[in-house]
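Undergrad: Chains A and B are the protein sequences, given in the same order. Residue numbering for the first sequence follows the numbering used here, beginning at 1406 and increasing consecutively. Residue numbering for the second sequence follows the numbering used here, beginning at 2 and increasing consecutively. We treat Cβ as the ideally placed atom computed from N, Cα and C, and that holds for glycine.
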Amino acid sequence: MAAPMQARSLWAEGIALALIGLFCVFPFYWMVTTSLKTQLVALADPPVWWFTPTLANYREVLFEDRVGVSLINSLIVATSTTALAVLLGCPAAYALARFEFRGKTDLWFWFITNRFVSPVVLVFPVFLISRELGLRDTHLALILMYLTFTLPIVIWICTDQFRSIPRELDEAAMLEGASQWRIFRSICLPLAMPGVAVSSILSFIFSWNELLFAYILAPNAAKTAPAMAISFMEGYDVPYGKIMATSTLIVVPVLIFALLASKHLVRGLTMGAVK
Amino acid sequence: MTLRVPRRTIAAFIGPAVAALAIVGVAPLLYALWKSFHDFNLTQLARQRWVGLQNYQTVLTDSDFWDAIGRTALLFVSAVPVQIALGLAIALVLHRPGLTFWKTLTRLSLVLPMATTYAVVGLLAQVMLNQKYGVINQMLGWVGVDAINFIGDPTNAFIAVILWDVWQWTPFVALVLLAGLSTVPPEIEETARLETRSPWTVLRHVQLPFLIPSLVAVLILRTADTLKLFDMVFTMTRGGPGNATEFIAILIERVGNRQFDIGLAAAQSIIMLAITIVLARLYIRLFYREVS
C-alpha cells in the first residue's frame, strides 16, 4: 500500500514544482516570443502563440534606435561603479573585520542604513548639484551615485568573508614583519576572492537594473538601457515588439549573472542576514 | 586576540570608503534638508526664499501625501501576506527530501524574477495585461472570465500592481523562508515527524519558531522595498490612472520632476528618510547583534 501512496505524492510534488517553475519563467517566455513578433502579430487579438519569428525588432532597436549605445552606457556605468566599489570597499571591509576602533558600530550602522534609503530621497539634490558641477548627463554622475548601494554591498559581503579567514594567518605574517597593507594585499585578499566575486556580481546587477537616477540624471548622452526602454512608451502607437526586444537585451545579462550567483542573491538582498 | 594597529593605518584602510559614501550619500541629504526649508521651484527660481517649516506644514496637511502613504500601506498589507503564504508553501515543497534535481532547477527559476530589471517588469505588465492584446486576459477568457481593463481602471490598476509585486517578490520570500527552514536541526525535525503525521503540527510547533527570524527579515525588507517602490510602477502606470497607483516614491518624483517643486519634494523626502532610519535601526537591532 505504501508504494502507490508514495508514487502519488511524488507526482503531486512534481506538478507543484512544475507550476512554481512556470509561474517564474512564463513572463520571460512571453517577453522573448513577443520580441520576435512583428507589430502586426504582436497586436493580434486574441494573442497568437505560433507565428513566424523575425529578428527585425532587434535589428531596429540596436541600429536605428540607439539601444545599442544605451547598452554600452549601462555597461560602462555598471562596470566602473562595481570596480570603484571593490577598490574602496575591500580595504574598508578588511578594517571592519580585523581592527578594533572607536565608532566601529556606528560606522557599521551607517553602512547598513543605505540599504533602506530610497533613491528618490537623493535624486533631486543630486540633480541640482550635478547641474552646478557640470556633471549632468555624464557617466561619472551615475557611477558615483551608484556607489550609494554598490559600496555597502561590497563592504557587507566582504567583511563576512574576511571574518571567515583565520586570524592566525595575519598574526603569523605579522611576526614575519609584514606590513598591515601587505597582509591584506597578499594573504587575505586572495583568500577573500569568492566574496569579492559575489559582491561584484551583485553590484553589477543592481547598477545595471537601476532606473530612477538614470532617468533623472542622464537624459541623453549617458542614457542607460532601462531609461531607453521606457522612452518607447511615449507616443500613441506603442511598439510592443521593440519594447520587448529591448527588455530581452537588458534582462539576459542580469539573468545569467543571477544564475551564476544564485546561492548568494538572497544573501545580498537581505544584506547577509539570511545565509 | 585583536591586532594592535596604529590609528593611521585604520584610517588609510577605511577612510576612502567613508569619504566616498559621505560625498554621494550624506552631502545630498544635507542639501535636501537645507532646500526643504526653502520655497524652491525650478520654474520660479527668482522667488527662492527661506520659509522655515512651511514645506513640512504643507506636506503634513497635504491629502495627496497622506493618500500616497495610505496607498503604500494598502499595497503592503495586500501583497505581503500573499507573498508570505505562497512563499511558505513553495519553501515547504522545496524543503521536502527527494526529486533533488528538479528542486534545484525550481530553485534556480526562483532566482529569476527578483533579479529582473524592475523597469522591465513594469513593461512586461503593460504587454501581458493589455485589455485587447494581453495574454493574461486571453487566459482568463479560457476559464470564462471577460477581458479586464487592468491598466486603465483605477481599482484594477492597483490590483495589477499587487499581482506584479507578488510575481516578483514571492520567490524572494520563498528562498528566505527556505533558508529559515534549513536552520531547523534535522534530528529535531525527524523526531517530530515520527511522533505526528500532521505536517501542520510540525510546521506550527517545530518549524515556525525557527522561521521567526526569516519572517521578521521579510517583513522589514518588504516594508523598505515597498517604500522605495518606483521603477516597476512608474513604467507600468506612471502612478495612474488619476493617482490610483501613486505610491510614496512616485508622489515625490511627481512633485520634484513634474511639478518642479524641489522644496516640497525635499520635505517629503526628509520625512520618508526619517521613517527609513527607524526601520533600518529596527532591522539592525534584530539581525546584527553580534557586531557590537
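1. Could you pull out every unbroken alpha helix (DSSP H) segment of at least 4 residues lying fully inside the region 53-83 of chain B, listed in chain order?
2. Within the continuous alpha helix (DSSP H) that includes Leu141/B, where are the two ends?
3. Exposed or buried, which one is Asn1625/A when buried takes at least 16 other CB atoms within 10 Å?
4. Is it buried or exposed, Lys1442/A, if we count other Cβ atoms within 10 angstroms and call 16 or more buried?
5. Which bits of chain B does Pro1451/A rub up against, with CB to CB less than 9 Å?
6. For the region 1441-1457 of chain A against the region 133-140 of chain B, do three or more pairs of beta-carbon atoms, one drawn from each stretch, fall closer than 8 Å, so that the two count as touching?
7. Kindly list, in the order they appear in chain A, the residues whose Cβ is closer than 8 Å to that of Asp147/B.
8. Am I right that Met273/B and Tyr119/B are in contact with their C-beta atoms under 8 Å? What's the rounded C-beta distance?
9. For Phe1611/A, tell me which candidate among Leu1552/A, Phe1589/A, Arg1590/A and Trp1561/A has the shortest Cα-Cα distance.
10. Name, going along the chain, the residues of the region 1419-1437 of chain A whose beta-carbon falls closer than 8 Å to a beta-carbon of chain B.
11. Where do the ends of the alpha helix (DSSP H) carrying His206/B lie?
12. Could you tell me which residues DSSP pairs with His1544/A in its beta bridges?
13. Out of Asn42/B, Leu89/B and Gly145/B, state which residue places its alpha-carbon closest to the alpha-carbon of Arg255/B.
14. With DSSP run on the structure shown, which of helix, strand or coil describes Asp1450/A?
15. Rounded to the nearest angstrom, how far is the Cβ of Arg1464/A from that of Met1633/A, given a contact under 8 Å?
16. Taking a Cβ distance cut-off of 7 Å, strictly less, list which residues of the region 250-277 of chain B are near chain A, in chain order.
17. Can you find a heavy atom of the ligand ADP that lies under 7 Å from the Cβ of Ala1632/A?
18. If you follow the alpha helix (DSSP H) that Arg1536/A is in, where does it begin and where does it stop?
19. Is it buried or exposed for Gly264/B, if we count other Cβ within 10 angstroms and need 16 for buried?
20. Counting contacts by CB-CB distance shorter than 8 Å, is Ala1502/A in contact with chain B?
21. I want to see whether chain B comes within less than 8 Å of Ala1627/A, judged by CB atoms only; does it?
22. Determine the burial state of Val1522/A: buried for a count of at least 16 other Cβ atoms within 10 Å of its Cβ, exposed for fewer.
23. Can you find a C-beta in chain B that's less than 8 Å from the C-beta of Leu1467/A?
24. Check the Cβ-Cβ distances between Val234/B and every residue of chain A, and say whether any is below 8 Å.
25. Indicate whether the contact test is met: 3 or more Cβ pairs, each with one atom in the region 15-30 of chain B and one in the region 1515-1530 of chain A, closer than 8 Å.
26. Output needed for Ser293/B: all residues of its chain with C-beta closer than 6 Å, excluding positions within five of it in sequence on either side, in chain order.
27. Under the three-state reduction of DSSP, which class applies to Asp40/B: helix, strand or coil?
28. In angstroms, rounded to a whole number, what distance separates the CA positions of Ala116/B and Ala92/B?
29. Check whether the region 232-252 of chain B touches the region 45-58 of chain B, counting contact only when three or more Cβ pairs, one atom from each stretch, lie closer than 8 Å.
30. Quick check: what's the CA-CA separation for Tyr284/B versus Leu222/B?
31. Using 8 Å as the cut-off, can you tell me whether the region 1492-1512 of chain A makes contact with the region 1643-1659 of chain A, which would need three or more C-beta pairs spanning the two stretches below that distance?
32. Is Ser1667/A close to chain B, meaning its C-beta is less than 8 Å from at least one C-beta of that chain?
33. For the region 1541-1567 of chain A, enumerate the residues whose C-beta is nearer than 8 Å to any C-beta of chain B, in chain order.
34. Mark Thr171/B as exposed unless 16 or more other C-beta atoms lie within 10 angstroms of its C-beta, in which case mark it buried.
35. Given that a residue counts as buried once 16 or more other Cβ atoms are within 10 Å of its Cβ, and exposed if not, what is Val1525/A?
36. Show which residues of chain A have a CB atom less than 8 Å away from the CB atom of Ser110/B.
TA: Looking at the atomic coordinates:
1. You should have 55-61.
2. Leu141/B -> alpha helix (DSSP H) spans Val136 to Trp143.
3. So Asn1625/A ends up on the exposed side.
4. Classification of Lys1442/A: buried, given that the 10 Å Cβ count is 16 or more.
5. Simply Lys133, Tyr134, Val136, Asn138, Gln139 and Gly142.
6. Below 8 Å, enough C-beta pairs join the region 1441-1457 of chain A and the region 133-140 of chain B to call them touching: three or more.
7. What Asp147/B touches in chain A, judged by beta-carbon distance under 8 Å, is nothing: the nearest beta carbon there is about 13 Å away.
8. By a beta-carbon distance limit of 8 Å, Met273/B does not contact Tyr119/B. Their separation comes to about 18 Å.
9. With distances taken between Cα atoms, Phe1611/A lies closest to Leu1552/A.
10. Listed by position along the chain: Gly1419, Ala1421, Leu1422, Ile1425, Gly1426, Phe1428, Cys1429, Val1430, Pro1432, Phe1433, Trp1435 and Met1436.
11. Where His206/B is concerned, there is no enclosing alpha helix (DSSP H), given that its DSSP letter is neither H nor E.
12. In the DSSP output, where bridge partners are listed per residue, His1544/A has none listed.
13. Looking at the Cα atoms, Asn42/B is the closest of the given residues.
14. Here Asp1450/A sits in coil by DSSP.
15. The pair is not a contact, with the Cβ atoms about 16 Å apart (cut-off 8 Å).
16. Flagged, chain order: Ala250, Ile253, Glu254, Gly257, Asn258, Ile263, Ala266, Ala267, Ser270, Met273, Leu274 and Thr277.
17. Among the components of this structure there are no ligands whatsoever, and the ligand ADP is therefore not found.
18. For Arg1536/A, the enclosing alpha helix (DSSP H) begins and ends at Pro1524 to Glu1537.
19. The residue is buried, with at least 16 neighbouring Cβ atoms inside 10 Å.
20. Contact of Ala1502/A with chain B is not assigned, every C-beta pair being separated by 8 Å or more.
21. Cβ-Cβ to chain B under 8 Å: no for Ala1627/A.
22. With 16 or more Cβ atoms within 10 Å of its Cβ, Val1522/A is classed as buried.
23. Taking Cβ atoms only, chain B never reaches closer than 8 Å to Leu1467/A, which makes this a no.
24. Using a Cβ-Cβ cut-off of 8 Å, Val234/B does not count as an interface residue toward chain A, since no Cβ of chain A sits closer than that to its own.
25. Taking one beta carbon from each stretch, the region 15-30 of chain B and the region 1515-1530 of chain A have 3 or more pairs nearer than 8 Å; the two touch.
26. Low confidence applies to Ser293/B: its pLDDT is 41, below 50, so where it sits in the model is not reliable enough to give any reading.
27. Of the three classes helix, strand and coil, the one that applies to Asp40/B here is strand, per DSSP.
28. Their backbone Cα atoms lie some 19 Å apart in a straight line.
29. Output reads no: the region 45-58 of chain B does not touch the region 232-252 of chain B.
30. Rounded to the nearest angstrom, the two C-alpha atoms are 8 Å apart.
31. With a cut-off of 8 Å, the region 1643-1659 of chain A and the region 1492-1512 of chain A do not count as touching, because too few Cβ pairs lie within range.
32. It does: the Cβ of Ser1667/A has a partner Cβ on chain B nearer than 8 Å.
33. Taking 8 Å as the Cβ-Cβ cut-off against chain B, the residues of the region 1541-1567 of chain A that qualify are Leu1549, Met1550, Leu1552, Thr1553, Leu1556, Pro1557 and Ile1560.
34. By the neighbour-count definition (other C-beta atoms within 10 Å, threshold 16), Thr171/B is a buried residue.
35. The residue in question, Val1525/A, is buried, as its Cβ has 16 or more Cβ neighbours within 10 Å.
36. By Cβ distance, chain A contributes Ile1425, Gly1426, Cys1429 and Val1430.
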